[in-house]
Amino acid sequence: MSAFSVAQLAIYSALVCPALYLALCHRRRGLLGWGYLLAFCILRITGGALSLHSSGSGAKIISSVGISPMMLALEGILHEARAYRSRNLNKRLEYAFMAVVHTVVATGVAMVGTGAGGLAGNHPKASDQTNIEVGMVLLEACWAVLTISALWTLKDFGEKTVPGVKEGKMLLHGVLLATVFVGIRVLYGLIAESTQNQNLNPVSGSLAIRTVLSLLPELVATLILLFVGFRARHVGEHNRQTVRTGET
Numbered sequence: 001m002s003a004f005s006v007a008q009l010a011i012y013s014a015l016v017c018p019a020l021y022l023a024l025c026h027r028r029r030g031l032l033g034w035g036y037l038l039a040f041c042i043l044r045i046t047g048g049a050l051s052l053h054s055s056g057s058g059a060k061i062i063s064s065v066g067i068s069p070m071m072l073a074l075e076g077i078l079h080e081a082r083a084y085r086s087r088n089l090n091k092r093l094e095y096a097f098m099a100v101v102h103t104v105v106a107t108g109v110a111m112v113g114t115g116a117g118g119l120a121g122n123h124p125k126a127s128d129q130t131n132i133e134v135g136m137v138l139l140e141a142c143w144a145v146l147t148i149s150a151l152w153t154l155k156d157f158g159e160k161t162v163p164g165v166k167e168g169k170m171l172l173h174g175v176l177l178a179t180v181f182v183g184i185r186v187l188y189g190l191i192a193e194s195t196q197n198q199n200l201n202p203v204s205g206s207l208a209i210r211t212v213l214s215l216l217p218e219l220v221a222t223l224i225l226l227f228v229g230f231r232a233r234h235v236g237e238h239n240r241q242t243v244r245t246g247e248t
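No gaps in the numbering here: position 98 of the sequence shown is 98 in the UniProt record's numbering, and each next residue is one more.
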């Protein structure tokens, strides 16, 4: 029984309820971001449970693509922050950006999953490794785009006296801080999958390396988002009050 898998299973089992609570608190504008954070916790529970009994292809694939819901959670929470920043948000541009991010992440995940499954099979091909490397590069590029977008959003925040802006800025700061740790995790995944070094293997590699470069960065990013989400949990009430008073 792997101590790493037990720790992952126990930690994220405890974090599922707070993530669900925040998905309900943040209402419609925050449903996407907090829903993906909930999905990330569930996926990590699934990966931990699989790794307890096997280090085969299933556990490896989940470990490889498991960071993708976290990246989509960052994008969703960033969208929520921008929505509270401006009542005149360009929705077409915003949703186009979200669609591009989702498409890139989905493509990256599909390529990594296909490649990891092929390498774990009985007849691995050279294209399997290429799929993994290209998929991880796409995820890395998506992380960079999210980071730049969050930094760009930071300069556009308005006065704190406007309802929801204070909470939106709080969410944005949380996203910016979390991207640092997500970046560490994505870079680790890229190096591990590109080199196929057994010590860097995300399922069966060195316990110290997996803990420092995988478990801890993901956990810290999750806790940061949960913390700012809890601090800003009443932001949904601002939106409902705005609708009632006829503000836009």
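Idealized CB from N, CA, C, for every residue including glycine.
Query: Could you check if L24 is buried or exposed, using at least 16 other CB atoms within 10 Å of its CB as the buried criterion?; Result: exposed
Query: Taking only runs that begin and end inside the region 110 to 189, name each unbroken alpha helix (DSSP H) of 4 or more residues, in chain order.; Result: 126 to 154
Query: I'd like the ranges of any alpha helix (DSSP H) spanning at least 4 consecutive residues and lying wholly in the region 20 to 68.; Result: 27 to 53, 57 to 65
Query: Tell me where the alpha helix (DSSP H) around P202 begins and ends.; Result: Where P202 is concerned, there is no enclosing alpha helix (DSSP H), given that its DSSP letter is neither H nor E.
Query: Would you mind working out which of G66, A126, Y95 sits nearest G189, comparing C-alpha positions?; Result: G66
Query: How would you label S127, buried or exposed, when you count the other beta carbons within 10 angstroms and need 16 or more for buried?; Result: exposed
Query: If I follow the unbroken alpha helix (DSSP H) through V228, where does it start and stop?; Result: 216 to 231
Query: Using a Cβ-Cβ cut-off of 7 Å (strictly less than) and excluding sequence neighbours within five positions of S2, which residues of its own chain qualify?; Result: S51, L52
Query: Inspect the CB distances between the region 62 to 79 and the region 173 to 181 and report whether three or more fall short of 8 Å.; Result: yes
Query: Check each candidate in K91, R92, L139 and name the one with the smallest Cα separation from V109.; Result: L139
Query: Would you say L226 and L15 are within 8 Å of each other, going by their C-beta atoms?; Result: yes
Query: Looking at V134: is its Cβ nearer than 8 Å to the Cβ of M111?; Result: yes
Query: According to DSSP, is H234 helix, strand or coil?; Result: coil
Query: Go through its chain and collect everything with a Cβ distance to L20's Cβ below 6 Å, but skip five positions before and after it.; Result: L38
Query: Would V182 pass as a contact of M98 if the rule is Cβ separation under 8 Å?; Result: no
Query: Tell me the rounded alpha-carbon separation between V6 and L219.; Result: 14 Å
Query: Hey, G115 and I132: beta-carbon distance below 8 Å or not?; Result: yes
Query: DSSP three-state label for G246, please.; Result: Confidence in G246 is poor, its pLDDT being 43 and thus under 50, which makes the residue's placement unreliable; the coordinate value appears in the next sentence. Coil at G246, not helix or strand.
Query: Would you identify the three-state DSSP class for S194, choosing helix, strand or coil?; Result: helix
Query: To the nearest angstrom, how far is it from the Cα of T103 to the Cα of F40?; Result: 18 Å
Query: For T222, count neighbouring Cβ atoms within 10 angstroms of its own Cβ and tell me buried if that reaches 16, exposed if not.; Result: buried
Query: Among the candidates R29, G33, L151, S63, whose CA atom is the shortest distance from the CA of L89?; Result: R29
Query: CA-CA distance, I95 and S68?; Result: Note that residue 95 is Tyr in the sequence shown, not Ile. Going by the C-alpha atoms only, they are around 19 Å apart.
Query: Does the beta-carbon of A83, which I'm using as the reference point, lie nearer than 7 Å to any heavy atom of the ligand MN?; Result: For the structure depicted, the ligand MN is absent and the ligand set is empty, with no information on it obtainable.
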